[in-house]
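The opening position of the sequence shown corresponds to residue 944 in the working numbering, with each subsequent residue numbered one higher. From the three backbone atoms N, C-alpha and C, an ideal C-beta is built for every residue, glycine too. Remarks on the structure that follows.
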Amino acid sequence: MGSSSRNLYAGIGEGQSTSWPPLFDGTNYSYWKERMRIYIRSTNFQLWLVIKNGEQIPMKKVGETTVPKTEDEFDAEDIKKVENYAKAINMLYCAVNPDDYRKISCYTTAKEMWDKLEVTYEGTDQVREAKIDFLTQEYEMFRMKEGEKIDDMFDRFSKIINDFHALKKTYTNRDLVRKILRSLTPEWRSKADAIYESIGVSNVTIDGLRGNLKTYESTILTPSLDEQK
């Protein structure tokens, strides 16, 4: 498949073809990273292990010393490994834009290239901690807006949780359910109390809670508010 086909798929949207890795355009790195990770694992899990763990140079014993083999000394197993190393690098090259290609092309292993992209777009551990601190404050301050629809509130909340996930920080389902119930505006208080008493925060998923609240919103809360107008 030629470059024109590649451009076509990029133009109509990332991931329209399973023949190509998702293209990173320099934005929304965490989204691309997760899609790329799944794409690689589903295409060839060995390539993901190469990217995750790095390469192992084929070695041989010379007396009491272990030295790298020359290419002419590679056996079938060595050749398979080296082919996977090259495939992993090629997969990353095919998935990045020209600017990011220049950032990673100076490295010799797929792991170094992957790590370079992580540091470039996610930052060092210190930067990650700063981002987590900021998101934690945003999470703690999260509240439903006056007159806000359940779907809109959950969309805002999901953005925070997804940003946490990209930084490898997660909350339990119980924590998320409790946070949502505490964040509701006063007209939702009776419904929140009913959920606490009848279901309990340990027995409902965050998606189940969303559906429960949407049903209440459409069948009881909205008609009641309309009558008061």
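| query | By DSSP, does Lys-1004 sit in helix, in strand, or in coil? | reply | Strand, per DSSP.
| field | Buried versus exposed, by CB contacts within 10 Å (16 or more), Arg-1086 | value | Exposed, because fewer than 16 other Cβ atoms sit within 10 Å of the Cβ of Arg-1086.
| query | If you draw a straight line from the C-alpha of Glu-1089 to the C-alpha of Asp-1136, how long is it? | reply | The C-alpha of Asp-1136 is placed about 19 Å away from the C-alpha of Glu-1089.
| Close beta carbons around Thr-1047, own chain, < 6 Å, minus the five adjacent residues each side | Sequence check: residue 1047 is Ile here, not Thr. Met-1056, Lys-1059.
| field | Length of the line joining the Cα atoms of Lys-1122 and Asn-1116 | value | About 10 Å.
| task | Report the three-state DSSP secondary structure of Pro-1129 (helix, strand or coil). | result | Helix.
| query | In chain order, which continuous runs of the beta strand (DSSP E) of length 3 or greater are located wholly inside the stretch 978–1045? | reply | Every beta strand (DSSP E) of 3 residues or more that sits fully in the stretch 978–1045 is shown, in chain order, as 1002–1005, 1008–1011.
| task | Assign Phe-988 to one of two classes, buried (16 or more other C-beta atoms within 10 Å of its C-beta) or exposed (fewer than that). | result | When all chains shown are included, Phe-988 counts as exposed.
| request: Could you name the residues that DSSP lists as bridge partners for Phe-967? | output: DSSP output for Phe-967 lists Val-1039 as bridge partner(s).
| field | Alpha carbon of Val-1039 to alpha carbon of Asp-1076, nearest angstrom | value | Whole-angstrom Cα-Cα distance: 30 Å.
| Can at least three beta-carbon pairs, one atom from the stretch 1091–1106 and one from the stretch 1063–1073, be found at a separation below 8 Å? | No, the stretch 1091–1106 does not touch the stretch 1063–1073.
| field | Range covered by the alpha helix (DSSP H) that runs through Thr-1115 | value | Here Thr-1115 belongs to no alpha helix (DSSP H), and DSSP marks it neither H nor E.
| task | Assuming Phe-1107 contacts Leu-1078 (C-beta within less than 8 Å), just tell me the rounded distance between them. | result | At roughly 6 Å, the Cβ-Cβ gap stays under 8 Å, so Phe-1107 and Leu-1078 are in contact.
| message | Once DSSP output is grouped into helix, strand and coil, what is the label at Met-1096? | response | DSSP places Met-1096 within a helical segment (H, G or I) once states are collapsed to three.
| request: With DSSP as the reference, label Gly-1154 as helix, strand or coil. | output: Helix.
| request: Could you check which residue in Lys-1030, Asn-1155, Thr-1013, Pro-965 has the C-alpha nearest to that of Leu-992? | output: Checked all of Lys-1030, Asn-1155, Thr-1013, Pro-965; the closest Cα to Leu-992 is Lys-1030.
| message | Counting C-beta neighbours from all protein chains within 10 Å, is the total for Ala-1109 16 or more, i.e. buried, or is it exposed? | response | So Ala-1109 counts as buried.
| query | Where does Tyr-1050 fall in DSSP's three states? | reply | Here Tyr-1050 sits in coil by DSSP.
| query | Three-state secondary structure (DSSP) at Arg-1086? | reply | Per DSSP, reduced to three states, the secondary structure at Arg-1086 is coil, with no helix or strand assignment.
| Around the Cβ of Ile-1138, are there at least 16 other Cβ atoms within 10 angstroms (buried) or fewer (exposed)? | Of the other Cβ atoms in all chains shown, 16 or more fall within 10 Å of the Cβ of Ile-1138; this residue is therefore buried.
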